[in-house]
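Inspection log for the structure reproduced underneath, given as structure tokens.
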Amino acid sequence: MQGYTLTLKGTREVADGTRLFIFDKPEGYIFQAGQYVALTLPKLVAPDPKGPVRSFSIASSPFESEMHFAMRRGMSGFKQTFWQMQPGDTITITKAVGFFTVPKGDLRPVVFLVGGIGITPVRSILKQAAHEGSTRDFTLLYSNRFLKDAAFCEEIKPLPLPHFRCITVLSQSDEVCQPINDERGYICVPMITKYIDDIPGKLYYLVGSLPFVEAMEKMLIDLGVPKEQRYKDPFTGLRGVDQK
């Protein structure tokens, strides 16, 4: 599979323990908002049984001149290596793949059910939609333990999308709820019915940890959402990628 070399330009913190890595974009590199790549580090600073390759959703949008990836801090050899990268260091990525994309020919409203760092492909989709002047109806229910864990939250909320709502869902916060679009606990049926009408008539994008995605899918099945209207992208712990 063809590889593309990317050079790190810089980093910035986007949540507590979460960092955005900003790379140059290879000339002619094409992808769709919501897709992912296999990413290879040239050398690990510590052993990692899963090796130097992981799958990563692209956090930037196709119209942007840079490529962004985001990661929570961790103790694996892969994460330690990534976290220590400095401007000028390089990685290799494959061609972008995946079907966690919004079909342009289907204009039904879109609902994102997102857990934690699963926000990365959704950021890509929403920023691209704003860039294209989309008038589609988007609703985002974004689940985290605390507000400080919610990567890109303050960047996404003001996007110039005329029919967009971002609802923060905090499972462990004891802070008082804001008057609108702010919830405590976990995404559940009463929460869905509060914010979503005509539930079976929309497209649903589920992304986060595998248990989160499984719970969201079960809930949607119980609510009568057909399989073809459910798009899934489970983040299985920055899973290793078969290099064959």
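With the first letter of the sequence shown counted as 1, position 147 gets the number 170 in the numbering used here; the numbers rise by one all the way through.
All residues carry an ideal CB built from backbone N, CA and C; glycine is no exception.
Contact belief for residue i with residue j at Cβ below 8 Å, rounded distance in angstroms
i    : j    : result
V37  : V137 : Their Cβ separation, rounded to whole angstroms, is 14 Å, which puts V37 and V137 out of contact at 8 Å.
L67  : R77  : Their Cβ separation, rounded to whole angstroms, is 11 Å, which puts L67 and R77 out of contact at 8 Å.
I190 : L170 : Incorrect: roughly 13 Å between the Cβ atoms, too far for contact.
G33  : P110 : 6 Å
Y52  : V120 : Going by Cβ atoms, the distance from Y52 to V120 rounds to 13 Å, so no, they are not a contact pair.
L29  : T117 : Not a contact, Cβ separation roughly 11 Å.
L246 : I215 : 7 Å
Classification of residue i by the beta-carbon crowding that lies within 10 angstroms, buried from 16 upward
i    : result
Y209 : exposed
Q201 : exposed
A82  : buried
P75  : buried
V199 : exposed
K150 : buried
G139 : buried
H186 : exposed
V264 : Legend: pLDDT at V264 = 42, less than 50; position of this residue unreliable, no value from coordinates given.
I244 : exposed
D256 : buried
L193 : buried
Q55  : buried
D172 : buried
G224 : exposed
C-alpha gap between residue i and residue j, whole angstroms
i    : j    : result
F161 : G97  : 32 Å
R42  : F105 : 10 Å
S88  : I45  : 10 Å
E237 : L31  : 34 Å
V133 : I142 : 15 Å
Y227 : Y254 : 6 Å
P249 : P183 : 30 Å
L281 : A153 : Outside the shown range of the chain, which is 24 to 267, sits residue 281, and nothing can be said about it.
R146 : A174 : 10 Å
S157 : I148 : 11 Å
P49  : Y27  : 7 Å
A69  : G100 : 5 Å
C176 : P65  : 32 Å
D71  : D39  : 24 Å
Three-state class that DSSP yields for residue i in the structure shown
i    : result
L31  : strand
F101 : helix
K255 : strand
V5   : Limits of the chain in this structure are 24 at one end and 267 at the other, which puts residue 5 out of reach.
Q199 : Here residue 199 is Val; the residue named in the question, Gln, does not match the sequence. Correct three-state label for V199: coil.
V120 : strand
Chain D within 8 Å of residue i, Cβ atoms only
i   : result
V37 : Structure shown: chain D not included; a single protein chain is present.
Q: Please go through the segment 205 to 251 and give each complete alpha helix (DSSP H) segment of 4 or more residues, from N-terminal end onward.
A: Those alpha helix (DSSP H) runs which fall completely within the segment 205 to 251 and span 4+ residues are 212 to 218, 233 to 245.
Q | Contiguous beta strand (DSSP E) assignments of at least 3 residues, all confined to the segment 138 to 193 | A | Counting whole runs of 3 or more residues, the segment 138 to 193 contains the beta strand (DSSP E) stretches 161 to 167, 187 to 193.
Q) Taking only runs of the beta strand (DSSP E) that begin and end inside the segment 36 to 117, which ones reach a length of at least 3 residues, in chain order? A) Those beta strand (DSSP E) runs which fall completely within the segment 36 to 117 and span 3+ residues are 41 to 47, 59 to 63, 76 to 80, 89 to 95, 113 to 116.
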